[in-house]
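> Pasting in a structure now, in structure tokens, and then I'll have a few things to ask.
In our numbering, the protein residues as written are 311 to 608.
And the structure:
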């Protein structure tokens, strides 16, 4: 049957309204078709501006054999940078205002994991190219690609070794003159370099505000081990860089090491991590960070 989903989130840091409908067997085939209307407002992305996104998307997905699937998505959204502080740099001041993005995104997923929540064996790779503007319309004209892969190994005594890496790049094409800040690449925080503040790794303006970049590379090695039932410990190291030029590997790396806990609770899996910087990438504070996130594994 069809799946209907509605989510409303209202808080001091973000406001989300999402209405989605999915037909999992479109035309009685193993082909899903879904649509989504959304409104999102966030003030946690930066300390000097807020961001608002609203629009719709249509996506179709199809399984290709046992371990592979592909998807195709069209998204049309209005994006607004507002509440910009008066004393921001010229680089961020240029981002103020609204723009329209019309984008097509494809995705190819290869997934052999034995369990998506607590994986002990298997691998997962996701390739995501995208293009916006030009013949699609809109005022944002960019293209890019994102590739992420994870490999899991089960070792003696229920030790689980995770190797994870991601590379991504984005650039303008045609008459596009710049990559907007909302489409640039960032590192730092609970989902990548856990020893650093959110978006703290990479290019910054004269005031120390993150500007993002056009090339990103990141890698993680993590080992988890059982402590008691439904509780695992973790040791990890992360390394990565963000480069202002597209398809360029010249960024200064930042890295960290850390410890964590993985909790399988009735309300859902939770991840607690403490990371400490080793290499700071040239412009980051050398102080540890506690991170809290939903999800059992990194």
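The C-beta atom is built at its ideal place from N, Cα and C for all residues, glycine as well.
No experiment lies behind these values; they were computed from the predicted model shown.
Roughly how many angstroms lie between the CA atoms of residue 310 and residue 554, to the nearest whole one?
Residue 310 is absent from the structure shown; the chain starts at 311 and stops at 608.
> Give the DSSP-derived three-state secondary structure of residue 550 in the structure shown.
strand
> Taking C-alpha atoms, which residue in 374, 335, 370, 405 lies nearest to residue 492?
405
> Is the beta carbon of residue 498 less than 8 Å from the beta carbon of residue 511?
Taking 8 Å as the Cβ cut-off, residue 498 and residue 511 qualify as a contacting pair.
> I'd like the ranges of any alpha helix (DSSP H) spanning at least 4 consecutive residues and lying wholly in the region 385-428.
400-403
> For residue 577, does the three-state DSSP call read helix, strand or coil?
coil
> Based on Cα-Cα distance, which residue from 521, 469, 330, 421 lies nearest to residue 356?
521
> For the beta strand (DSSP E) containing residue 349, list its first residue and its last residue.
341-352
> Taking only the alpha-carbon atoms, compute the straight-line gap between residue 325 and residue 351 and give it to the nearest angstrom.
5 Å
> Determine the direct distance from the alpha carbon of residue 448 to that of residue 360, and round the result to whole angstroms.
21 Å
> What number of angstroms, rounded off, separates the C-alpha of residue 376 from the C-alpha of residue 528?
29 Å
> Going by C-alpha to C-alpha distance, which of 311, 354, 385 sits closest to residue 346?
385
> According to DSSP, is residue 463 part of a helix, a strand, or is it coil?
Here residue 463 sits in strand by DSSP.
> At the level of alpha carbons, what is the spacing between residue 389 and residue 348?
12 Å
> Can you tell me which of the three DSSP states residue 320 falls into?
strand
> I'd like the span of the beta strand (DSSP E) that includes residue 519, first residue to last.
Counting along the chain, residue 519 falls outside any beta strand (DSSP E), and DSSP gives it neither H nor E.
> Measure how close the beta-carbons of residue 506 and residue 587 come, nearest whole angstrom, since I'm counting them as under 8 Å.
6 Å
> What separation, rounded to the nearest whole angstrom, lies between the Cα atoms of residue 329 and residue 343?
15 Å
> What number of angstroms, rounded off, separates the C-alpha of residue 459 from the C-alpha of residue 532?
14 Å
> Under the assumption that residue 354 contacts residue 323 (Cβ atoms under 8 Å), give the Cβ distance between them as a whole number of angstroms.
5 Å
> With DSSP run on the structure shown, which of helix, strand or coil describes residue 592?
coil
> To the nearest angstrom, report how far apart residue 284 and residue 407 are at their CA atoms.
Within the shown structure, residues of the chain are numbered from 311 to 608, placing residue 284 beyond reach of any answer.
> Leaving aside the five residues before and after residue 560 along the sequence, list all residues of the same chain whose C-beta is less than 7 Å from its C-beta, in chain order.
For residue 560, where only same-chain residues beyond five positions count, the Cβ hits under 7 Å are 553.
> Expressed to the nearest angstrom, what Euclidean distance is found between the alpha-carbon atoms of residue 415 and residue 605?
25 Å
> Mark residue 392 as exposed unless 16 or more other C-beta atoms lie within 10 angstroms of its C-beta, in which case mark it buried.
exposed
> So which of 370, 313, 363, 314 has the shortest CA-CA distance to residue 339?
370
> Give the secondary structure of residue 492 by DSSP, where H, G and I count as helix, E and B as strand, and everything else as coil.
helix
> So the candidates are 565, 556, 545, 517; which of them puts its Cα closest to the Cα of residue 395?
517
> Out of 454, 501, 380, 465, which has the shortest C-alpha to C-alpha gap to residue 479?
454
> Using DSSP bridges, identify the partner residues of residue 450.
For residue 450, which the question treats as bridged, DSSP gives no partner whatsoever.
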